[in-house]
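>
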Amino acid sequence: MGGSEADIDEDLKQAWPDAEYLSFNRWDVSRRNLALWAFVPIPDSPQDVTADRWLYFDGENLLVYRDGRTTADHLMEGAEAPEDVMAVLRDYVQEQYTGDHEGLLFVEGGDFVPAPLEYDDWRIESIEGPSYVSVGGLDFAIWSMNYELHTTTPESVILAGGTYMTEDCWVSPGYPGCDYFYFQLDEGGTRTYLYHRMENDCVPGTELFFSGMAYQLREMGLLSFYDLTGRELLDISCSQPVHFFNTLSETNLSEQSQALAAMAACVAAGDDPGTQEIYDSIAHYMEIFSDDLTDGGRAAWQALQSALSIWTAAGDGTVYESGGLSLWVPEGWADMAAVTAEDAVWFGESVPGFDVYERLAHISNPDTGLVWNVRALTRAQFQAAFGDADWSEILGASSYVIGSDDAYIYLLSTPTDVQFLVEDPTSMAQYELLRNQSQTVIEGFFFRNGITPNPDCPDADGCYVGPEASGRPEVNEAAKAAVQAAMDGILAPGAFSLTLSPAPGGSGGGSYILPLDMAAAISRMPENFLWYPAEAGSPPAGLASLTLTAEDGSAALQCWEGSSLVRCTRSGVTQWFYAPPVTADAVFNGTVFAALRQIYDEVEWEALREGIIIPDRGQSHLEIAQAWADADTQPALEVTDGSIFACTYVRTVADVDSWADMPETSYPEQSEGHERFWFSYRRIFVPENEAARSWQMAGNTVEYDGRYGEAPEGAYENFQVGVLYLTDEGWRCDATGTGP
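Numbered per our numbering, the sequence shown spans residues 1 to 740.
(1) Tell me Ile142's beta-bridge partners as DSSP assigns them.
(2) Locate the alpha helix (DSSP H) running through Phe382, then write down its first and last residues.
(3) So, are the CB atoms of Arg448 and Ser326 less than 7 Å apart?
(4) Run through DSSP, which three-state label would Tyr97 get?
(5) Measure the C-alpha to C-alpha separation of Leu89 and Ala269 and round it to an integer number of angstroms.
(6) For Phe679, does the three-state DSSP call read helix, strand or coil?
(7) Using CA atoms only, rank isn't needed, just tell me which of Pro687, Arg682, Glu688, Arg732 is closest to Val721.
(8) Classify Met531 as helix, strand or coil using the three-state DSSP reduction.
(9) Judging by CA-CA distance, which residue of Val686, Ala492, Gln439, Gly709 is the nearest neighbour of Thr633?
(10) Which ranges would you report for the beta strand (DSSP E) in the region 389–434 if only whole runs of at least 3 residues count?
(11) Counting C-beta neighbours from all protein chains within 10 Å, is the total for Trp27 16 or more, i.e. buried, or is it exposed?
(12) Assuming Ile613 and Glu729 are in contact, meaning their beta carbons sit under 8 Å apart, how far apart are those beta carbons, in whole angstroms?
(13) Under 6 Å Cβ to Cβ from Trp346, same chain only, skipping five residues before and after it: list those, please.
(14) Going by DSSP in three states, Cys749 sits in which element: helix, strand or coil?
(15) Count the CB pairs spanning the region 227–239 and the region 129–141 that are closer than 8 Å, and state whether there are at least three.
(16) Secondary structure at Tyr600, three-state DSSP: helix, strand or coil?
(17) DSSP three-state label for Gly59, please.
(18) Could you check if Gly189 is buried or exposed, using at least 16 other CB atoms within 10 Å of its CB as the buried criterion?
(19) Under 8 Å, with one C-beta from each stretch per pair, do the region 479–493 and the region 541–556 reach the 3-pair mark?
(20) When you compare the CB positions of Arg123 and Thr71, do they come within less than 7 Å of one another, or not?
(21) Given Thr414, which residues of its chain have a CB within under 7 Å of its CB, disregarding the five upstream and five downstream residues?
(22) On the three-state DSSP scale, how would you describe Trp576?
(23) Looking only at its chain, what residues have a beta carbon closer than 6 Å to the beta carbon of Thr701, apart from the 5 residues adjacent to it on each side?
(24) Residues in its own chain within less than 6 Å of Asp48 by CB, not counting five upstream and five downstream?
(25) By Cβ distance below 7 Å, which residues in the same chain neighbour Gly739 in space, the five residues on each side in sequence not counted?
(26) In terms of alpha-carbon separation, which member of Leu565, Ser563, Ala646, Thr569 lies closest to Glu604?
(27) When DSSP labels each residue in this structure, what does Gly508 get in the three-state scheme?
(28) Tell me, please, whether the region 495–513 touches the region 562–581 by the rule of three or more beta-carbon pairs shorter than 8 Å.
(29) Specify whether the region 53–67 and the region 78–87 touch according to this definition: at least 3 beta carbon pairs, one from each stretch, less than 8 Å apart.
(30) Leaving out the 5 sequence neighbours to the left and right, which residues in its chain are closer than 7 Å to Tyr708 when beta-carbon positions are compared?
(31) In angstroms, rounded to a whole number, what distance separates the CA positions of Ala586 and Val401?
(32) To the nearest angstrom, how far is the alpha carbon of Ala338 from that of Leu433?
(33) Spatial neighbours of Ala239 within its chain, please: C-beta separation below 6 Å, excluding the five flanking residues on both sides.
(34) Let me check understanding here. Comparing Cα to Cα, which of Ala556, Ala555, Trp560 lies closest to Asp543?
(35) Taking the beta strand (DSSP E) that Trp560 belongs to, which residues open and close that run?
(36) Measuring only the C-alpha atoms, how far is Thr192 from Glu128?
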């Protein structure tokens with residue numbers, strides 16, 4: 001089958017000389033046409049406006065068509081919606097048409113002055129929908145539209161943002177197609193109009209659109225965090241993590257606790273595809289922007305991390321159930337604790353709950369060994385036993401209100417006499433260990449069952465203390481001061497390096513001088529960890545390590561992958577520390593190594609891509625662009641194993657033709673006086689690991705659809721644009737982005 005080629009761009013310029021900056025869409029194979037648009041002047045006006053055309057190939061000729069749709073009763077042909085929906089859209093556009101309008105007129109000298117902006121007609125250009133979205137158990141149908149107002153004063157129209165004006169002086173005054181209208185559906189499908197919202201950076205089906213709906217419905221009183229599932233809450237928090245946790249912290253403690261428990265349970269269950277990736281994305285975002293959290297927002301974020309650590313730990317322990325409640329205990333309790341899940345009797349009524357005993361004492365005598373028990377009392381049962389008791393006080397001999405929900409008040413009781421075997425050191429040690437570990441178990445009990453903690457619960461005999469009474473975990477201040485002194489010593493000379501030594505058999509690694517602008521972030525790193533002295537010993541064997549070193553070698557900090565052990569050296573003195581995170585998963589997997597590894601990856605990536613120059617050998621612009629794109633992306637195959645930039649496959653497809661008509665004013669200042677051109681490239685890649693996949697999913701990254709040839713399974717693609725210009729050394733590009 002034969003074919004032919006034609007220079008469509010050049011042919012159009014000859015047939016349509018007024019057109020400037022032609023832009024083409026893709027061929028619509030089914031309709032055999034190609035959509036395009038250009039800027040054209042309006043007679044007797046300084047404005048250039050948007051003109052749409054369609055190219056159609058009839059088998060022999062290329063035919064150019066204008067928009068041939070007709071308008072009747074303010075509706076362009078094809079704009080359709082149910083009658084009740086159409087009435088809402090018409091009312092909205094009529095209101096915009098009759099409102100006050102003000103324009104600006106460009107005058108000699110380059111200034112703008114206020115000028116009348118007049119319209120004499122309106123029309124709805126297109127309608128899309130419905131899109132169906134469910135939020136918190138409520139169902140919605142959503143339509144979007146684009147409308148246009150006809151102006152008699154085109155010279156006063158300001159074409160900014162998404163505003164366009166056609167060659168017939170029809171103006172779209174906002175962002176085309178971004179006016180959304182939300183209708184709630186009842187069980188029978190009847191629609192009730194709720195509100196209008198302009199969304200110009202997301203569409204139905206995206207997390208950002210979903211989150212905007214949830215916040216709007218919450219402001220309208222139609223929704224609360226109580227109503228949302230764990231997956232819905234994750235989707236909302238992922239789009240704007242800082243805003244979400246700051247907002248959540250402003251709700252009551254019960255609403256916070258239930259929301260955080262639902263999110264933690266959703267991630268831990270792993271039943272919903274992508275939940276772990278969403279959580280990892282939030283955690284990464286928080287590492288960068290945590291300074292924007294309010295105190296309440298930071299507490300809510302830390303509570304989610306703690307809740308998740310409790311849920312994930314359940315896989316290494318035992319879960320007991322009683323009366324619809326569940327209690328998880330860690331795996332280590334199997335040999336030292338006896339746990340019962342039986343209803344007790346209070347005032348002749350059955351009360352669900354759990355009892356925890358020290359095993360040796362309980363085997364010796366079933367009436368001894370009690371560490372604590374928890375009972376779920378109805379409000380009537382609690383009132384009968386304690387009246388209007390103050391929940392911040394000890395009740396009775398040794399009972400404490402630890403939390404509540406709609407059904408129960410939860411009472412923790414501890415014994416007032418000795419319960420372990422006083423002549424058995426193992427029994428004594430196990431009893432104390434069970435008490436010390438009970439805080440985590442009881443917090444897990446809250447999260448598993450959606451219980452709101454009593455913030456004022458006093459210290460329950462060392463087994464539990466409420467969030468207001470406990471404050472932050474204790475820090476060994478002397479150890480922390482020693483680490484901070486070592487860190488200050490590393491940063492003091494003004495230059496410092498970070499060295500990665502791979503594990504035996506691993507590849508990559510190296511040493512890099514860190515940019516000075518990283519000093520502030522590194523100096524604050526000790527705040528993310530609790531610091532305790534550790535016995536001097538040998539470095540962990542078989543693990544990759546990172547070493548942060550002062551320029552003059554006077555101070556250093558070394559850490560190991562997957563280990564909380566840290567070695568600090570200052571002025572020839574070496575000290576060892578154990579560094580668990582302040583909160584669970586504070587820095588990805590909670591180690592100093594993980595915190596520094598992200599910094600190392602970023603510095604290594606920049607170093608491998610620094611100073612790319614393409615020698616000038618008379619190549620075509622496309623060849624230059626392709627060479628530069630390859631040089632910029634191939635380091636993803638060279639970085640150290642496990643890097644957030646690591647890929648197993650990378651390929652680029654460069655393009656220059658689409659950018660041939662860019663105006664001179666669009667070029668960066670540093671390229672002035674040089675031969676220069678705009679270019680773009682598609683990067684097709686397969687991330688090496690999950691961290692790399694999460695890191696590289698930002699921006700315009702999508703799953704690769706195969707349009708540029710074969711690629712391995714799991715490939716993604718994204719798009720970059722930049723300017724290449726010729727220097728004495730060769731062709732260079734200073735930066736690329738997702739648009740000009």
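Glycine included, each C-beta is placed from N, C-alpha and C at the ideal position.
A quick note: this is a predicted structure, and the numbers were derived from the prediction, not measured.
Based on what the coordinates show:
(1) The residue given as residue 142 occupies position 142 in the sequence shown. Per DSSP, Ser131, Tyr182.
(2) Working through the sequence shown from its first residue, we reach residue 382 at position 382. It spans 379–386 - the alpha helix (DSSP H) in which Phe382 sits, taken as one unbroken run.
(3) Residue 448 sits at position 448 when you count from the first residue of the sequence shown. Residue 326 sits at position 326 when you count from the first residue of the sequence shown. Yes, the pair counts as a contact, with Cβ atoms nearer than the cut-off.
(4) Reading the sequence shown from its first residue, position 97 is the one you call residue 97. If DSSP states are grouped into helix, strand and coil, Tyr97 belongs with the helices.
(5) Here the question's residue 89 lines up with position 89 in the sequence shown. Here the question's residue 269 lines up with position 269 in the sequence shown. So the two alpha carbons sit approximately 43 Å from each other.
(6) Within the sequence shown, the letter at position 679 stands for residue 679. DSSP places Phe679 in strand when its eight states are reduced to three.
(7) Here residue 721 refers to the residue found at position 721 when the sequence shown is read from its first residue. Checked all of Pro687, Arg682, Glu688, Arg732; the closest Cα to Val721 is Arg682.
(8) Locating residue 531 in the sequence shown gives position 531, counting from the first residue. Per the sequence shown, residue 531 should be read as Trp rather than Met. Correct three-state label for Trp531: coil.
(9) Here residue 633 refers to the residue found at position 633 of the sequence shown. Measuring from the Cα of Thr633, the nearest candidate turns out to be Val686.
(10) 399–404, 409–413
(11) On the sequence shown, position 27 is the one that residue 27 refers to. Answer is exposed; the Cβ neighbour count stays below 16.
(12) Against the sequence shown, residue 613 aligns to sequence position 613. Against the sequence shown, residue 729 aligns to sequence position 729. With a Cβ gap of about 5 Å, Ile613 and Glu729 count as contacting.
(13) Counting from 1 along the sequence shown, the entry for residue 346 is found at position 346. So the qualifying residues of the chain are Gln381.
(14) Since the first residue of the chain shown is 1 and the last is 740, residue 749 is not available in this structure.
(15) yes
(16) The sequence position of residue 600 within the sequence shown is 600, counting from 1. If DSSP states are grouped into helix, strand and coil, Tyr600 belongs with the helices.
(17) Within the sequence shown, residue 59 is the residue found at index 59, counting from 1. Gly59: coil per DSSP, three-state reduction.
(18) For the purposes of this step, residue 189 is taken as the residue at position 189 of the sequence shown. It counts as exposed.
(19) yes
(20) The residue given as residue 123 occupies position 123 in the sequence shown. The residue given as residue 71 occupies position 71 in the sequence shown. Taking 7 Å as the Cβ cut-off, Arg123 and Thr71 qualify as a contacting pair.
(21) Numbered from its first residue, the sequence shown carries residue 414 at position 414. Only Trp372, Ser398, Ala460, Asp461, Cys463 meet the Cβ criterion.
(22) Numbered from 1 along the sequence shown, position 576 holds the residue referred to as residue 576. Residue state, collapsed to three classes: strand.
(23) The sequence position of residue 701 within the sequence shown is 701, counting from 1. Once the five neighbours on either side are set aside, the close Cβ partners of Thr701 are Tyr716, Asn718.
(24) Reading the sequence shown from its first residue, position 48 is the one you call residue 48. Answer for Asp48: Phe39, Pro41, listed in chain order.
(25) Here residue 739 corresponds to residue number 739 of the sequence shown, with the count starting at 1. Only Val721 meet the Cβ criterion.
(26) Numbered from 1 along the sequence shown, position 604 holds the residue referred to as residue 604. Considering only alpha carbons, the answer is Ala646.
(27) Counting from 1 along the sequence shown, the entry for residue 508 is found at position 508. Correct three-state label for Gly508: coil.
(28) no
(29) no
(30) Residue mapping note: residue 708 aligns to position 708 of the sequence shown, counting from 1. Cβ within range, chain order: Val653, Arg682, Ile684.
(31) For the purposes of this step, residue 586 is taken as residue 586 along the sequence shown, with counting starting at 1. For the purposes of this step, residue 401 is taken as residue 401 along the sequence shown, with counting starting at 1. Caution applies to Ala586, whose pLDDT of 35 falls short of 50 and renders its modelled position unreliable; the value that the coordinates give is listed next. Whole-angstrom Cα-Cα distance: 30 Å.
(32) In the sequence shown, residue 338 corresponds to position 338, counting from 1. In the sequence shown, residue 433 corresponds to position 433, counting from 1. The straight-line gap from Cα to Cα measures roughly 14 Å.
(33) The residue given as residue 239 occupies position 239 in the sequence shown. What sits at residue 239 in the sequence shown is Ser, not Ala. Same-chain partners within the cutoff: Glu207, Leu208, Ser211.
(34) Taking the first residue of the sequence shown as position 1, residue 543 is located at position 543. According to the sequence displayed, residue 543 carries Leu and not Asp. Selected option, being the one with the closest Cα: Trp560.
(35) Indexing the sequence shown from 1 puts residue 560 at position 560. Start and end: 555–560.
(36) Here residue 192 is taken as the residue at index 192 of the sequence shown, counted from 1. Here residue 128 is taken as the residue at index 128 of the sequence shown, counted from 1. So the alpha carbons of these two residues sit roughly 18 Å apart.
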